[in-house]
Structures are given as C-alpha cells and as structure tokens.
Amino acid sequence: MRQPRVLALLVALPALSLAAAGLFHPHSLGADTAQRWFELHLAGLLVFPLVGVALAALVRGRRDPVAWVVRLSAYVYATFYTALDVISGLAAGYVTRELGSGVPRPDEVRLLFRIGTPIGEVGSWALLLCVVVLAVDLLTRHRVAALPVLLLVPGAWLVHTDHIFSPLGVVGMALIGVGCGALVAARPQLVAVEVQPLRYETRHSG
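Mind the numbering: the sequence shown is residues -19 to -1, 1 to 187 in mature numbering (1 follows the signal peptide of the UniProt record, and there is no 0), read in order.
Dropping the structure here:
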C-alpha cells in the first residue's frame, strides 16, 4: 500500500491548488483582467475535474449504492463545473481579451454567462450532494475517525455561493482539500485497494 501521507496529499492537492488560484482570480471580467481570467480558467480546466476524482477516491473499492451515489454526483460536478470553466472562463475571457480596451461588453459575452452560470450551478449542487452523502455515510461507518469529512460540507457550500473568488471561495476550496487530505490521513484504508496475490498451480508429471 502507498504511504498514507502520499495518498492524503494526492486527494488534497486539486482543491488546494484551486484555492491558491482563487487568490489571483479577478472579481470582474474586463479588458484589464481578461488575460488573467483566461489563463486561470485554462489551468482550471485540468484541475476542477480532479476535485471530483478526489471525492470519488474516498469510496474507492466499494460497490454499495451509497458509493455509487458519491461517484455519480462527483461525476456530475466534474462535468458541469468544467463546462462552466469553458464557457464563462475560457470563452468569455478570450472574447473579452480580443475585443480590447474601450469596447463595451457585447451581448454575446453576456449570453455566455447566461448559459454558463446555470450549468455551473448544476455542478455545484452536485458537489454539495456528494459531500453531504459522504458525510452521513462516513460518520456512520467510522464515527470520530471520519470527523474531517465535516469540513467538506461548508467548503462545498462556499464554492456553490462564491466559486473560487477570494476570500470565501478560496476558503471553500481549502476546506475541501484539507478535509479530503485529513480524512485519508485518518483512515488510509478508505482509498486502499487490496491486491490479491496471483496463485500459480504447479503440475508435476510423473
């Protein structure tokens, strides 16, 4: 089995990376912020889905219905929140950057946010569902050892309300990262996969 500290770092890193990125995320999109807006969301394209992977890893190896709810909701989050990143992040940032300074925001950019925002909300609600189900399940199964899972619930709520904008969105993603990492550090077997040794039969001819 891999070292628990390595596993904890792997599941914590995606959300913590997004929390760090949120410190540099502009609060509004304009000609002067479009380049950074675009670049941060381009990087986020690789990281947002990994938060869902980290959450799904907390039920790794399980086949019960609750585990599948966690996986499905994590998948919905990863899919829809990545779509938000592409539409309201990459597309809106790129168009605004190319328009240049002194150009009023056209209706086309407003339309990108009009479709991107509700798509992102589907993803953030799925994130909330995922962490609430995880919290109830893991606290029932592991009691005190699973207390770090409680960090995920306010974390997901802050992401739902504030994306990764500083300060609340940054705090939200940080809580998710710390919660995932602490949970794995406390219960490393949650993400451990037992590998059955191969058995070979040796036949001897007489």
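By construction, the Cβ of each residue, glycine as well, lies at the ideal position given by its N, Cα and C atoms.
Checklist entry - Ordered along the chain, which non-local residues of its own chain (more than five positions away) have a Cβ less than 7 angstroms from that of residue 96? => result By the criterion of a C-beta distance shorter than 7 angstroms, residue 96 is surrounded in its chain by 68, once the five residues flanking it on both sides are discounted.
Checklist entry - CB-CB under 8 angstroms to residue 81, same chain, minus the five flanking residues each way: which ones, in chain order? => result 12
Checklist entry - Once you ignore the five residues that flank residue 112 on each side, which residues in its own chain have a CB closer than 6 angstroms to its CB? => result 133, 134 and 137
Checklist entry - residue 162: which of 128, 83 and 23 sits nearest, CA to CA? => result Selection 128, 83 and 23 evaluated against residue 162 yields 128 as nearest (Cα-Cα).
Next on the checklist: Rounded to whole angstroms, what is the Cα-Cα separation between residue -16 and residue 17?
Outcome noted: 36 angstroms
Next on the checklist: Taking 8 angstroms as the limit between beta carbons, can you name the residues of its chain near residue 73, skipping five residues before and five after?
Outcome noted: 10, 18, 90, 93, 94 and 97
Checklist entry - Does DSSP classify residue 182 as helix, strand or coil? => result Bear in mind that a pLDDT of 47 at residue 182, under 50, signals an unreliable position, so the number given afterwards is only what the model happens to contain. In the structure shown, residue 182 falls within a coil segment according to DSSP collapsed to helix, strand and coil.
Item to check | residue 101 beta carbon near the ligand ZN (any heavy atom closer than 7 angstroms) | outcome: Absence of the ligand ZN from the depicted structure is noted, as is the absence of any ligand whatsoever, leaving it without description.
Checklist entry - So residue 52 is in the alpha helix (DSSP H); what residue range does that whole segment cover? => result 46 to 65
Next on the checklist: So the candidates are 65, 5 and 8; which of them puts its Cα closest to the Cα of residue 26?
Outcome noted: 65
Checklist entry - For residue 142, does the count of other Cβ atoms within 10 angstroms reach 16, so buried, or fall short, so exposed? => result By the 10 Å Cβ count, residue 142 comes out exposed.
Checklist entry - Helix or strand or just coil, what does DSSP make of residue 155? => result helix
Item to check | Buried versus exposed call for residue 114 [16 or more other C-beta atoms within 10 Å across all chains shown] | outcome: buried
Next on the checklist: I'd like the list of long-range same chain contacts for residue 178, defined as Cβ closer than 6 angstroms, with 5 residues on each side in sequence excluded.
Outcome noted: At residue 178, the pLDDT of 42 sits below 50, so the modelled position is not reliable and the matter cannot be decided from this model.
Next on the checklist: Quick check on residue 12: does DSSP put it in helix, strand or coil?
Outcome noted: coil
Item to check | residue 103 versus 63, 118 and 116, residue with shortest Cα-Cα distance | outcome: 63
Checklist entry - Is residue -9 helix, strand or coil when you go by DSSP? => result helix
Checklist entry - Taking C-alpha atoms, which residue in -2, -10 and 57 lies nearest to residue 191? => result Shown here, the chain extends from -19 to 187; a query on residue 191 therefore has no answer.
Checklist entry - Along the chain, which unbroken stretches of the alpha helix (DSSP H) at least 4 residues long are found entirely within the segment 64 to 149? => result 73 to 80, 88 to 123 and 133 to 143
Checklist entry - Are the beta-carbon atoms of residue 71 and residue 22 separated by less than 8 angstroms? => result Contact flag set, yes.
Checklist entry - Which residues in the same chain as residue 110 place their Cβ atom closer than 7 angstroms to its Cβ, once the five residues preceding and following it in sequence are excluded? => result 54
Next on the checklist: With H, G and I counted as helix, E and B as strand and the rest as coil, what does DSSP make of residue 19?
Outcome noted: helix
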